[in-house]
Amino acid sequence: MRRPSGICKRPVEQIAVRDPGPKRGGLGSGVVGDAIGSRKHHGGETQAVYAFAREELDRWGRELGRDLPDGMFGENLTTWGLEVDDAEVGELWRVGLTLLEVCGPRVPCATFAARMREPRWVRRFADHGRTGAYLAVREAGVIDRGDPIEVVHRPGHGLTVPMFFRAAMGDKELTEVFLGARVLPEAEHEWLASLR
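One point on numbering: in this note's numbering, the residue at position 68 of the sequence shown is 86, and numbering is uninterrupted.
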């Protein structure tokens, strides 16, 4: 029996986003009408929206020799012209009527690998290190296709999404930097501390 998955996304003209509450017991996704297949590992307040850059999809498409449509990586916000992976943890983005906070990286999983049908996909994606970013919803609202993304606050601590990913993948020095800096949302701080 196959477990349901929320990874298959398709482009739409508009999404409504809201705070989904906690990972367990909450609404799952922050995108109204979206589904989360495994709430044990995905969804909740700090994984309400998953953003991935169109430029990165194009780069992967060239490497894989195929077109990758918006949503192919399970993202519900495909950006253009914003270096998602240069974002600092805690950065705030104004998108449409919403305010979103960068919380951390995507950690590739077996479901993602099955969707991609590429050899050693999880390792390849992880080794590249540009995973996109999970976002929390600080102000609910609507995002229309083509809405500009404005970075309204950058914390200035220099701790980026790819650095957090490297810490999560076992870089002990970066793990200690993140835990000592206290820049992560509480759930991410506890999760990273549990990986020590």
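Backbone N, C-alpha and C define an ideal beta-carbon position, used for all residues, glycine too.
Predicted model, so just to flag it, every value in this text is computed and none were measured.
Note to self: With H, G and I counted as helix, E and B as strand and the rest as coil, what does DSSP make of Gly-198?
What the structure shows: helix
Next item on the list: For the stretch 122 to 194, list the alpha helix (DSSP H) runs that are entirely contained and at least 4 residues long, ordered along the chain.
Entry: 128 to 134, 139 to 146 and 179 to 186
Note to self: Quick check on this structure: which residue in Arg-214, Cys-127, Leu-95 and Val-102 has the alpha carbon closest to the alpha carbon of Glu-191?
What the structure shows: Arg-214
Checklist line | Closest by C-alpha distance to Leu-177, when choosing among Trp-209, Ala-205 and Thr-193 | finding: Thr-193
Margin query: Does Arg-20 come out as helix, strand or coil in the three-state DSSP assignment?
Written below: Bear in mind that a pLDDT of 48 at Arg-20, under 50, signals an unreliable position, so the number given afterwards is only what the model happens to contain. Coil at Arg-20, not helix or strand.
Check: With distances taken from CA atoms, which of Val-179, His-175 and Pro-180 is nearest Gly-16?
Finding: Given that the chain is displayed from residue 19 to residue 214, the structure contains no residue 16 and the question cannot be resolved.
Next item on the list: Mind checking who Leu-45 pairs with in its DSSP beta bridge?
Entry: None; Leu-45 has no bridge partner.
Margin query: Assuming Trp-78 is part of the alpha helix (DSSP H), what are its boundary residues?
Written below: For Trp-78, the enclosing alpha helix (DSSP H) starts and ends at 72 to 82.
Check: Can you tell me the Cα-Cα spacing of Val-35 and Ala-151, whole angstroms?
Finding: 16 angstroms
Next item on the list: On a CA-only basis, which of Trp-98, Gln-65, Glu-93 and Leu-82 is nearest Glu-73? Give me that one, please.
Entry: Trp-98
Item checked: Nonlocal neighbours in the same chain, by C-beta distance under 7 angstroms from Thr-116, ignoring five residues either side -> Val-35, Val-155, Glu-157, Ala-158, Gly-159 and Ile-161
Checklist line | Proximity to Gly-83 [Cα-Cα], best of Asn-94, Glu-136 and Ile-167 | finding: Glu-136
Next item on the list: Tell me, please, whether the CB atom of Gly-198 is closer than 8 angstroms to any CB atom in chain D?
Entry: Protein chain content of the structure displayed is limited to a single chain, and chain D is not contained in it.
Margin query: Is the beta carbon of Arg-133 closer than 8 angstroms to that of Val-33?
Written below: It should be pointed out that residue 33 corresponds to Ile in this sequence rather than to Val. Between Ile-33 and Arg-133, the gap from beta carbon to beta carbon reaches 8 angstroms or more.
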